[in-house]
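Under the UniProt record's numbering, the residues of the sequence shown are numbered 1 to 116, in order.
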Amino acid sequence: MNIEVLKSKIHRVSVTGADLDYIGSITVDEALLDAANMIEGEKVAIVNVNNGERFETYIIKGKRNSGEITLNGPAARRVQRGDIIIIISYATMDFEAAKTFKPWIVFPDEKTNRIA
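Printed below as a string of structure tokens:
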């Protein structure tokens, strides 16, 4: 039996931009992606701590060490610059393997979105 489990989480980063005219996605600083074991194109869930919104999109790689967290396209309507969000990805795996799996969880600085 396979189950879906938490694979990676970038916990509490600040939204730096919202670009409604872009076709979609979330742009994330490449350093954060590496630390969280996430990749460009990966499906992610976004949780907006400020307003409770939860939605899904996919990742676009941003400039390394830029601190960029930009919601693009329709997702831009669900955030405001400065909102705190959590970025979550899941993986499907065998039930027994899931019992010992350890997710990547990153706690960046909320003001700079950089890893200490």
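Ideal Cβ positions, reconstructed from N, Cα and C, are used throughout, including at glycine.
Nothing here was measured: the structure is a model prediction, and the numbers come from that model.
Next item on the list: State the start and end residues of the unbroken beta strand (DSSP E) segment that holds Asp-19.
Entry: 17-19
Next item on the list: Using DSSP bridges, identify the partner residues of Met-1.
Entry: In DSSP, Met-1 forms no bridge with anything.
Notebook entry, point to check: Could you give the distance in angstroms between the alpha-carbon of Tyr-58 and the alpha-carbon of Lys-111?
Noted result: 23 angstroms
Checklist line | DSSP bridge partner residues for Thr-57 (one or two, in chain order) | finding: Val-44
Margin query: Strictly by DSSP, which residues pair up with Leu-71?
Written below: Ala-18 and Ile-26
Notebook entry, point to check: When the Cα atoms are used, what is the spatial distance from Glu-56 to Val-28?
Noted result: 14 angstroms
Note to self: Buried or exposed, going by whether 16 or more other CB atoms sit within 10 Å of the CB of Asn-113?
What the structure shows: buried
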